[in-house]
Amino acid sequence: MRKIIVLVILGLTAMTAAPFNTLPAYTIPRGSGFVGLTTPVQVPFQGSFSAIPTLWAGYGVIPHFDVTLMLGADVTVNGFSLSDAMIEFRYATLGYEDVVARDHFVFAPVLDFYIPTGTDGSWAVGPGALVTGNFGFWQLHGNLFTYFPFDSPGMIIGFFSPELPLGGDFSVYAELNAFFDLGASELFCEFWPGVCWEPRDWFSANLACGIPATFDYVSPGIAAYVMF
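Right, dumping it as structure tokens:
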């Protein structure tokens, strides 16, 4: 019973205090939910900028199982278009607490379904897994996603982020994001340092900046989440 209580409490806080791209493995408690908006802006050193505002909403259906919806857009100087919508199912299958060392570990498989919103989109499926470990003062998040469209080879995506709390309201993190295109056999990486501010249990804000391995653009971004 104590393990379940700890995981529920951590699930309520970790959904709001998290890195910009890397997701925690903790699920949303049953009967609770969140809405959020992330807005990274890609600013190339040559050419025009583009923004990718994304709306998120999630709800805890049963203990250790939640559902998240995502809808994004692509905004450029030439116009506006919707990206594919996504629905994600997440179930935390493994978790433990070390009462003496105050350590926590959670493993959660996920299954993503992508729904095209335009004529150039594609139906896709993406099984994956999330891991979060809290070892003393540090918290580590790891994500493995896949993206398999019905009309192309797809992609394997890995996110990894150590997170360091700074007092009661702030944490800093450094994300490493890797994307491997199965069709082109190409690997692309980004580094995302950032800070999370959580002044209330039901609200958090997040500021980060993406830096690609190619060093040909930067991606400052801001995010905000509200729990209910």
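Taking mature numbering (1 follows the signal peptide of the UniProt record, and there is no 0), I'd label the letters of the sequence shown as residues -17 to -1, 1 to 211.
Quick reminder that beta carbons are idealized off the backbone N, C-alpha and C, glycines included.
In angstroms with no decimal places, state the Cα-to-Cα distance between residue i and residue j.
i           : j      : result
Asn61       : Ile35  : 14 Å
Ala84       : Phe120 : Confidence in Ala84 is poor, its pLDDT being 47 and thus under 50, which makes the residue's placement unreliable; the coordinate value appears in the next sentence. Cα-Cα distance, rounded: 11 Å.
Phe171      : Phe153 : 30 Å
His87       : Ala112 : 17 Å
Gly104      : Asp184 : 37 Å
residue 212 : Leu6   : Residue 212 cannot be examined here, being either before or after the span of the chain that is shown, -17 to 211.
DSSP three-state label for residue i, please.
i           : result
Ala1        : coil
Asn61       : coil
Glu145      : Correcting the residue type first, residue 145 is Pro in the shown sequence and not Glu. Pro145: strand per DSSP, three-state reduction.
residue 212 : Lying outside -17 to 211, the shown extent of the chain, residue 212 is not represented and no answer is given.
Leu20       : strand
Gly116      : strand
For residue i, list the residues DSSP reports as bridge partners.
i      : result
Thr51  : Gly41 and Glu71
Gly109 : Asp95
Phe164 : What sits at residue 164 in the sequence shown is Asp, not Phe. Partner(s): Met138 and Glu169.
Pro36  : Its beta-bridge partners do not exist; DSSP assigns none.
Phe174 : Leu159 and Ile194
Leu6   : In DSSP, Leu6 forms no bridge with anything.
Kindly examine the ligand MN and report whether one of its heavy atoms sits closer than 8 Å to the Cβ of residue i.
i      : result
Tyr130 : Among the components modelled here there is no ligand, and therefore nothing to report on the ligand MN.
Within its chain, find whatever has a CB closer than 6 Å to the CB of residue i; leave out the 5 residues flanking it on each side and keep chain order.
i      : result
Val82  : Any answer about Val82 is weak, because its pLDDT of 47 lies below 50 and its placement is not dependable; what the coordinates show is given next. Within the same chain, Val82 has no close Cβ partners at all.
Leu123 : Gly116 and Pro145
Gly125 : Val114 and Phe143
With a threshold of 7 Å on Cβ separation, who are the neighbours of residue i within its own chain once the five nearest residues in sequence on each side are excluded?
i      : result
Phe131 : Ala107, Val108, Gly109 and Gly137
Phe72  : Val50, Val93 and Leu94
Asn160 : Asn4, Phe142, Cys172, Glu173 and Trp175
Considering only residues of the same chain and omitting the five flanking positions on each side of residue i, which have a CB-CB separation below 8 Å?
i     : result
Phe90 : Ala8, Ala75, Thr76, Leu77, Gly78, Ala112, Leu113 and Val114
Query raised in the report: For the region 164 to 172 against the region 144 to 153, are there 3 or more C-beta pairs whose distance is under 8 Å?
Result: no
Query raised in the report: Should the region 136 to 144 be called in touch with the region 10 to 30, which here means at least 3 C-beta pairs below 8 Å?
Result: no
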